[in-house]
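Novice: My questions will all concern the structure given below.
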Amino acid sequence: MKKSTSFEDDVINDALAFFIQDQGEAFKYECAWHEVRNQAKWLAMYGEGYSKRTKTSASWAYTSSSQSNTTTNCEFYPTSSLQCPMGTKMAKRKAKEKSKETNFDLMEIKAMQELLSQVLTKSEDHIHIKETEVQNREGKLLLMEFATLMKDTTGMTKTQLQYHNHLCEIIKKNMG
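In terms of the UniProt record's numbering, the sequence shown has 90 at position 90, counting the first letter as 1, and numbering is strictly consecutive.
What follows is the structure in structure tokens.
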């Protein structure tokens, strides 16, 4: 809520008079104060409703107007969550750090890609070797089956001949 201008002027004039009375000289930074008083950092402090505090002359500590006998060791300006904008050097430093992080991330990703491509190549080689082994086994099995089918049965006993014929039927079914 914005207060009336005449009330603000009265408060400012009273504060200036109090400063002159307290310090013995005029407030030198009134122009600067007029420039910064409406900035967000200072408006946030004004809007939060801090209690009025006055400086006691004996201990130079601040006291709350509601507790005039109790002294406190608080800071006059409480910390605010708002911060001043960073300077040029700080902005450049932050940008540089961010680019270093980005470069590091890119290098890390490239290293991971290389590692994955190596693993993929090894996996493909392993699969190819296993396929070759399976083909070799199938070829050997086919040769053994063919040898069984072509075996000379003239010297076999009746039982051996029955086993041989049964095995030949199974082989023929598997071949299709």
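Positions of the beta carbon are idealized from the N, C-alpha and C atoms, including for glycine.
Looking at the secondary structure, which residues open and close the alpha helix (DSSP H) in which M156 lies?
Specialist: Here M156 belongs to no alpha helix (DSSP H), and DSSP marks it neither H nor E.
Novice: Grouping DSSP H, G and I as helix and E and B as strand, with all else coil, what is K28?
Specialist: Note: K28 maps to coil in three-state DSSP.
Novice: Assign R137 to one of three DSSP states: helix, strand, or coil.
Specialist: helix
Novice: Within its chain, find whatever has a CB closer than 7 Å to the CB of V36; leave out the 5 residues flanking it on each side and keep chain order.
Specialist: W42
Novice: In the structure shown, what three-state DSSP assignment does M86 receive?
Specialist: coil
Novice: Does residue 178 come out as helix, strand or coil in the three-state DSSP assignment?
Specialist: Here the chain covers residues 1 to 176 and nothing more, so residue 178 does not appear.
Novice: Using the Cα positions of A91 and V119, report the straight-line distance between them to the nearest angstrom.
Specialist: 42 Å
Novice: So, helix, strand or coil for M150, using DSSP?
Specialist: Three-state DSSP puts M150 in coil, outside helix and strand.
Novice: Is the separation between the beta-carbon of L149 and that of I129 shorter than 8 Å?
Specialist: For L149 and I129, no; Cβs fall outside 8 Å.
Novice: Note down the Cα distance separating A15 from P85, rounded to an integer number of angstroms.
Specialist: Distance between the alpha carbons of A15 and P85: 29 Å.
Novice: Please say whether H164 and T153 have beta carbons closer to each other than 8 Å?
Specialist: yes
Novice: Between Q21 and K28, what straight-line distance do the alpha-carbon atoms span, to the nearest angstrom?
Specialist: Answer to the nearest angstrom: the Cα atoms are 14 Å apart.
Novice: Who are the near neighbours of K151 in its chain, counting only those whose CB is closer than 8 Å to its CB and skipping five residues on each side?
Specialist: H164
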